[in-house]
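Taking our numbering, the leading residue of the sequence shown gets 65, the next gets one more, and so forth. Glycine residues also receive a C-beta, built at the ideal position from the N, C-alpha and C atoms.
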Amino acid sequence: MDREQLARIEGVHRGFLYQHVYAVALLLALGRQVGAVLAVELDEDIELVVGDVHWYIQVKTRLKTVQPSDLKGALERFEQIRAEHLSAARPAQPKFAVVANSEPSPSLQRQIDGAGWPGDVQLITPARGARDGLPAAGVDVDTMMQIATSIADTVPFGGLAPRTLVFKLATLVQQASAGGRNHQFAADELPELLEQLVIQLQDFPEPPFPYRPQRDEPAISSDKRVRLIVGFSGAGKTAWAAEAARHATETLVYFDVSDLPSRAVPTNLAREIIARFLGGRAKGVGGVQLPPTGGVDALRYADSLLADERIRAIVVLDNVHRLSVTDLRQIVDNAPNQAFIALGQPWVERALAEATLGIEAETLGGFGPDAVAAVFADENVGIDPETVEGVLHLTGGLPLFVINAARLSALQFDGSAEAFCESIVARTHQQDTAQDLILEVAFSSLSETARDAAAILGACEIPLDAQETASMLAVLGAPSVAAQALRDLRRASMLVNFAEARSALHDALRPLAAGHRAQMSQALINDALERLQLLLVASLHTRQDIPRLTFLIRLLPRVGRTDALVDLATSEMFYEQGNMAMMWDTLVGAAEDPTYSPRDRFWALDALAYWESRDGGIPDEARVAQMAELVANNPFEARERLNLIFKQMIIAGSAGDRKLVEAHYREGRKAAKTGESSRILRYNRAVALYRTDALEQTRNALEPLIEEMHQLLGLREADLMFKNGPALTDLLGESDPDDVKRLADALNLWSTVMVRLGLPPMMRRIQASKLYATVGAGRSATVAAQELADEMLKIMATPQGAREVFETHIFPLIEQYKLTDLALEARGEYAVALAYCGDFDGADQQMRALGNYEGDDEWDAKQAHALELIELIRRGEARIGAPMRASAFSLRNPNSVGRRVSLDAFCPCGSGRKFKRCHGKR
């Protein structure tokens, strides 16, 4: 809600983290010398006593250059401390340093170079480098981590990776800064301290390097005492636990049960716990004698010993699918003072385990698009966003499967990720993937009916509700047969649950399901798909769901319903589904097929012409001529004649022929017999006028149309202000979604015209995006929100506002509607907004991720421009201009913006009074 407050909070934490990491670098560089003591947050940020020298160090993090005022307090403080040393109140020789991530300003540099600068005070910056043995400074936290890690790499300690060692020590520095360890680290305590850091990690498998987090990755710490993480082999469960353990401050135990008989697990786990925490492995089991009965008695005893020592560990049990539920329950019950995370593959008793332990299993989210692109980049395989989505659809994002897909793309498919995906979909690949080998065992263990059900559900690319699922699976026999098959699939974790009680086959199973489907009766599969398409077509009347519409558009030709596809082409929502390529050939074929009715051929041509005219394009004149011929030779209704006129106006407008636009408009007025058709005609005239660059005329055409559209919906424009989500839905009530979308179209075009005129678009761009989103017009909502973010930067001069638009509107819309073609450009723009907000770490992170994607020349140019602009912003050479202001009156009355109102005219506020007696007198 308060972006500026968030930025301040982030800056505070960033400064403290930078300070803690520098303290670690100092501890590892000089603090290991005999007799050395490092202290934090006592008389200075960091102090180091080494030999006969006592260092006092202040750490400064700044977004801009360091000014003399930044050091005034530090120098005064140093003077006080220096005086105490000179009076012998403090021993040792004092030395002072200021560590900063930014360079000194010219005025500060002159002060440093002058005769009055104290000789015992060092200024350490990235450019000035290390001084007097003190570590160098980094420009940001990441660079400081690199410096500390390079120092850690010189420490003769192999128990932890250098970067992990820095993370762990930084946590202890933070603890000491809060009063722990008496604020100090003594050199003679370091060996024992390092051993304490490694003992809880030494049995965790080494996580992959580099480790790439999965989507919505959970924290290893939780307020739940028992958790169950379930996933197929290759889902990255163990790697997640191992990586999380590297950065956790809790006490952790890793124990793999796979090689032990169930009855031996409690005893061995007890021995592991005692050896680890009550004396260390060097002392066997720490002198503790386990109960002779062993088993759960031993585990209960070990748990009580840890409780006496006030130790509460998180015990990570791996491969628990090899244990019976009874054995797992006994382990948990007999160590009541410890927390447990059970990692397992899907197994028959999973549901029983959840019920017995009173928990709900969790799953890892799999790699997201950026991680997939990075994995393929590691193999030097270029991949575009749509192919990334294809890989995710085939692999479910499971890390092992994605990595295997990238390697096979490089080795077997000449570096083509697209060719790999096509081969897997067609089941023509000749080498088994890791996915095939791992999942075939689980898939083959299912009953024949469950495999048939998986094959049928795998043909559907969207989550289905219970009725839709039952309708598809009715081809397998009685409802009880389908229900049993679904239970089998759920127990095997092969079904994924979605919102609104919908479910779908796990993406990783789709290739295997497709292989099984090829062996089934094609008539049975077609029957199931025919049942599904009937339900989906019926649902479109009550549910504006673009992903479902997109799948239906792909499905209709498969079940021989091209005629229904042509019918869909007349829907407003049809144009929101975003990917015309998948149906282009089908519509071209329908337009040219003489067996189709003239009306169906006309609407196929109309859909093609519309898509050609999107985003400033021009309809093919030959195609529009075919439409005109069909209109001339057939007794069509006004609707077809008007749609032809719409396309003719767009062609005339694109040619800059305003007279021809108006001629077509006059012709259209004769055919527009209803209020709805008249409004659509007037909007298309405005679009055509806009293309002729007649901006004032376009505005004049839109403003009365916008007022009329508000009246049609029973609204005043002010009613839409500050309404979002459910409140906006309630306000619109039973309004026709097509009417709502048309109002959004008009508001959006008006906003674009105002920007071209050099005037603020007021709230209308925001209203357009919200109205689009309310009726499920995801693509239009996203594009309008992108325009809004751009205007936030260039017109309103509010980078925090632009950032909020990206984070709360644009990215959720792109994710919801799978608008992969808009994602990369939006993220490049977002990176620039982050840079203007001063979040250069976030901007750099976005650009690094985008660098793993393959795009066309236009995308490469946009990426290069964004990188260049971010660097200019970083150097202070690119700044946001002054905001374009508008009065509160104009906010309520957007039509008044940039216009002079006659004193004797009616006031634009709608009061019915003359302007001079209303807002004019103000």
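Distance between R665 and D679, taken at the CA atoms: about 24 Å. Inside the region 566 to 628, DSSP marks whole beta strand (DSSP E) runs of 3 or more residues at positions 566 to 569, from first to last along the chain.
In the three-state reduction of the DSSP assignment, N561 falls in the strand class. Going by DSSP, K124 is part of no alpha helix (DSSP H) but of the beta strand (DSSP E) stretching over V117 to K124.
L381 is bridged by DSSP to F319 and A406.
Counting other Cβ atoms within 10 Å of its Cβ, W181 stays below 16 and is therefore classed as exposed. A residue is called buried when at least 16 other Cβ atoms come within 10 angstroms of its Cβ; G243 does not meet this threshold and is exposed.
Under the three-pair Cβ rule at 8 Å, the region 126 to 135 does not count as touching the region 107 to 117. Beta-bridge analysis with DSSP links P274 to no other residue.
Here the region 75 to 82 does not lie against the region 877 to 890, with fewer than 3 beta-carbon pairs under 8 Å apart. Around the beta carbon of S151, a 10 Å sphere encloses fewer than 16 other beta carbons of the protein chains shown; the residue is thus reported as exposed. E167 is classed as buried because its beta carbon has at least 16 other beta carbons within 10 Å across all chains shown. Inclusion of F404 and R335 in the CB contact set at 9 Å is not warranted, their separation being larger than that value. When C-beta atoms of the region 799 to 815 are compared with those of the region 769 to 784, three or more pairs fall below 8 Å, so the two segments count as touching. As a beta-bridge residue in DSSP terms, F160 pairs with Y120 and V185. Annotation: the continuous beta strand (DSSP E) that includes Q248 extends over Q248 to A250. In the structure shown, A103 adopts extended strand secondary structure according to DSSP, grouped into three states. Contact between the region 897 to 915 and the region 453 to 465 is absent, with fewer than three C-beta pairs closer than 8 Å.
Pairing V76 with S677, the inter-Cα distance amounts to about 51 Å. One alpha carbon belongs to T331, the other to S508, and they sit about 35 Å apart. According to the DSSP assignment, E111 belongs to the beta strand (DSSP E) that extends over I110 to V114. Beta-bridge analysis with DSSP links P168 to V130.
Around G892, the same chain offers L914, K926, Q927 and A930 as residues with beta carbons nearer than 7 Å, after the five sequence neighbours per side are excluded.
Cβ contact annotation for L669 (same chain, cutoff 7 Å, sequence separation greater than five): A655, R687, Q690 and M691, in chain order. Setting aside the 5 residues that flank it on each side, L811 is surrounded in the same chain by I770, R828, R829, Q831, A832 and L835, each with a C-beta closer than 8 Å to its C-beta; the list follows chain order.
Contact between P449 and D885 is confirmed by a C-beta separation of about 7 Å, below the 8 Å threshold. Annotation: the continuous alpha helix (DSSP H) that includes R687 extends over E685 to N697. Shown here, L914 sits in a helix according to DSSP, grouped into three states. Rounded to whole angstroms, R376 and R551 show a C-alpha spacing of 38 Å. In the structure shown, R146 falls within a helical segment according to DSSP collapsed to helix, strand and coil. Proximity to K301 across A283, T313 and E314 peaks at A283, based on C-alpha coordinates. In this structure, D571 is the residue among D571, A719 and S133 with its C-alpha nearest to the C-alpha of L521. The alpha-carbon separation between P768 and A808 amounts to approximately 14 Å. Judged by pairs of C-beta atoms under 8 Å, the region 464 to 483 touches the region 437 to 452, as three or more such pairs exist. Shown here for N916: same chain residues with a beta carbon closer than 6 Å to its own, the five before and five after excluded, namely A437, A438 and A441 in chain order. Residue pairing by DSSP puts L198 in a beta bridge opposite R195.
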